[in-house]
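Take full-length UniProt numbering: the final residue in the sequence shown is number 249, and no numbers are missing along the way. Cβ atoms here follow ideal geometry from the backbone N, Cα and C, with glycine treated the same way.
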Amino acid sequence: MNIDNYFKTRRTVRRYSSREVEPQLLKEMLEEASHAPTTGNMQLYSVIVTRSEEGKRALAPLHFNQPSATGCSVLLTFCIDYNRFVKWCEASDAVPGYDNFQSFMTGALDTCIFAQQFNTIAEMHGLGCCYLGTTTYTAPEIAKVLNLPKRVIPLVTLTVGYPEGDAPLSDRIPVEGIIHEEAYHDYSVEDIRDIYAEKEAREDSRKFIEENGKTTLAQVFTDVRYPRENNERFSKIYYDFIRENFLME
1 MNIDNYFKTR RTVRRYSSRE VEPQLLKEML EEASHAPTTG NMQLYSVIVT
51 RSEEGKRALA PLHFNQPSAT GCSVLLTFCI DYNRFVKWCE ASDAVPGYDN
101 FQSFMTGALD TCIFAQQFNT IAEMHGLGCC YLGTTTYTAP EIAKVLNLPK
151 RVIPLVTLTV GYPEGDAPLS DRIPVEGIIH EEAYHDYSVE DIRDIYAEKE
201 AREDSRKFIE ENGKTTLAQV FTDVRYPREN NERFSKIYYD FIRENFLME
């Protein structure tokens, strides 16, 4: 495998064939992913594997019925998990102090790194994956479906399966718009226009603008895809869930 080519041409896969991901292969890939970097070697995460059609149908509405949630072979819910670590501390005459924001962020980083390492491993095995960005929107309902105890917080979900057909290559802004040498150098209006010019010129971007009755691509993001009212509503749902089940205020 050409590693450079793999990363430059990787695709998010949302359509899957009927071929199942073998349980042993999935277990091996998750074991490999568990060797990803982790804070203090604590491994503050768990993953819930949903294979059954019944289980996927129960979770699908909580992911806004995205087709890949039921069309995939396996649905993986990656969770911040302090339940296991705290119980180990308490069983070992140690007093845990992890019901705070710093610990939450530590668990979130561990979980994201674990999930992304799995994503890469799965793709290198010929599988396709898609992150569902809805996990934090409906975390309380997901926790009920998956029977999650306190201190276990759903963070990200991946759909996994063998690709059906070709997936489109996602656009990305030029790397020059991301890199800052030595210190952060803020962007001028001209810089911003240069960075986003190619994205805005894409045919699919122009289609998004037209379909949504907007005049710029940025308006599609601010007014349609991620408007303030939705951000604030889902923020409150997730924060209240974290406060009740993790921060224990």
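Helix, strand or coil for Thr134 per DSSP?
By one-based count along the sequence shown, residue 134 stands at place 134. If DSSP states are grouped into helix, strand and coil, Thr134 belongs with coil.
Glu54 versus Thr70: straight-line alpha-carbon distance, rounded:
Taking the sequence shown and counting its residues from 1, the one referred to as residue 54 is at position 54. Taking the sequence shown and counting its residues from 1, the one referred to as residue 70 is at position 70. Spanning the two alpha carbons is a distance of roughly 9 Å.
Measure the Cβ-Cβ separation of Leu44 and Ile3 and say whether it is below 9 Å.
Counting from one through the sequence shown, the residue named residue 44 turns up at place 44. Counting from one through the sequence shown, the residue named residue 3 turns up at place 3. No.
Give every residue of the same chain whose Cβ lies closer than 7 Å to the Cβ of Lys144, excluding the five residues on either side of it in the sequence, and list them in chain order.
By 1-based counting over the sequence shown, the position of residue 144 is 144. Closer than 7 Å at Cβ, skipping near neighbours: no residue.
Considering Gly55, what are the terminal residues of the alpha helix (DSSP H) in which it resides?
The count along the sequence shown starts at 1 and reaches residue 55 at position 55. That run of the alpha helix (DSSP H) goes Glu53 to Leu59.
Bridge partners of Pro154, per DSSP?
Counting from 1 along the sequence shown, the entry for residue 154 is found at position 154. BP columns for Pro154 point to Cys79.
DSSP-derived helix/strand/coil call for Ile178:
Mapped onto the sequence shown, residue 178 falls at position 178. DSSP places Ile178 outside both helix and strand once states are collapsed to three, so it counts as coil.
When you compare each of Glu210, Ser18 and Arg84 to Leu127 by their alpha carbons, which one comes out closest?
Start at 1 with the first residue of the sequence shown, and residue 127 comes out as number 127. Considering only alpha carbons, the answer is Ser18.
Quick one: Cα of Val47 to Cα of Glu90, how far?
Position 47 of the sequence shown, counted from the first residue, corresponds to residue 47. Position 90 of the sequence shown, counted from the first residue, corresponds to residue 90. Using only the alpha carbons, I get a separation of about 23 Å.
Checking the sheet assignment: what are the DSSP bridge partners for Gly71?
By 1-based counting over the sequence shown, the position of residue 71 is 71. Answer is none; Gly71 lacks a bridge partner.
Under the three-state DSSP convention, the category Gly107 falls into:
Here residue 107 is taken as the residue at index 107 of the sequence shown, counted from 1. Of the three classes helix, strand and coil, the one that applies to Gly107 here is helix, per DSSP.
Closest by CA to Ile209, which one among Asp93, Arg233 and Val224?
The count along the sequence shown starts at 1 and reaches residue 209 at position 209. Here the closest residue by C-alpha is Val224.
Nearest CA to the CA of Leu76: which residue from Asn100, Asp186, Met29 and Asp99?
Sequence index remark: in the sequence shown, residue 76 carries index 76 (1-based). Taking only the C-alpha atoms, the option nearest Leu76 is Met29.
Leaving out five residues on either side along the sequence, give the residues of the same chain with a beta carbon under 6 Å from the beta carbon of residue 265.
Summary: the structure shown does not reach residue 265, with the chain confined to residues 1 through 249, and so no result is reported for it.
Contact between the segment 145-164 and the segment 108-123 is defined here as three or more beta-carbon pairs at a separation below 8 Å; is this criterion met?
yes
Supposed close pair Phe78, Thr111 - CB separation, criterion 8 Å:
As a working mapping, residue 78 is identified with position 78 in the sequence shown. As a working mapping, residue 111 is identified with position 111 in the sequence shown. Confirmed, Cβ separation roughly 5 Å.
Neighbourhood of Val95 by C-beta distance below 8 Å, restricted to the same chain and skipping five residues each side:
As a position in the sequence shown, residue 95 is number 95, starting the count at 1. Excluding residues within five positions, the ones whose Cβ falls inside 8 Å are Cys89.
Confirm, please, whether the CB-CB distance from Thr134 to His185 is below 9 Å.
To locate residue 185, count along the sequence shown from 1; it is residue 185. To locate residue 134, count along the sequence shown from 1; it is residue 134. No.
When DSSP builds the beta bridges, which residues end up paired with Ser46?
The count along the sequence shown starts at 1 and reaches residue 46 at position 46. Note: Ser46 sits in a beta bridge opposite Cys79.
Separation of Leu109 from Arg151, as counted between CA atoms
Here residue 151 corresponds to residue number 151 of the sequence shown, with the count starting at 1. Here residue 109 corresponds to residue number 109 of the sequence shown, with the count starting at 1. Between Arg151 and Leu109, the C-alpha separation is close to 15 Å.
Since Thr12 contacts Ser170 with CB under 8 Å, what's their CB separation in whole angstroms?
In the sequence shown, residue 12 corresponds to position 12, counting from 1. In the sequence shown, residue 170 corresponds to position 170, counting from 1. About 6 Å separates the two Cβ atoms, so the contact holds.
Hey, quick one: how far does the alpha helix (DSSP H) through Asn230 stretch, first residue to last?
By 1-based counting over the sequence shown, the position of residue 230 is 230. Counting along the chain, the alpha helix (DSSP H) containing Asn230 begins and ends at Arg228 to Ile242.
For Gly126, does the three-state DSSP call read helix, strand or coil?
Counted from its first residue, the sequence shown places residue 126 at position 126. Correct three-state label for Gly126: coil.
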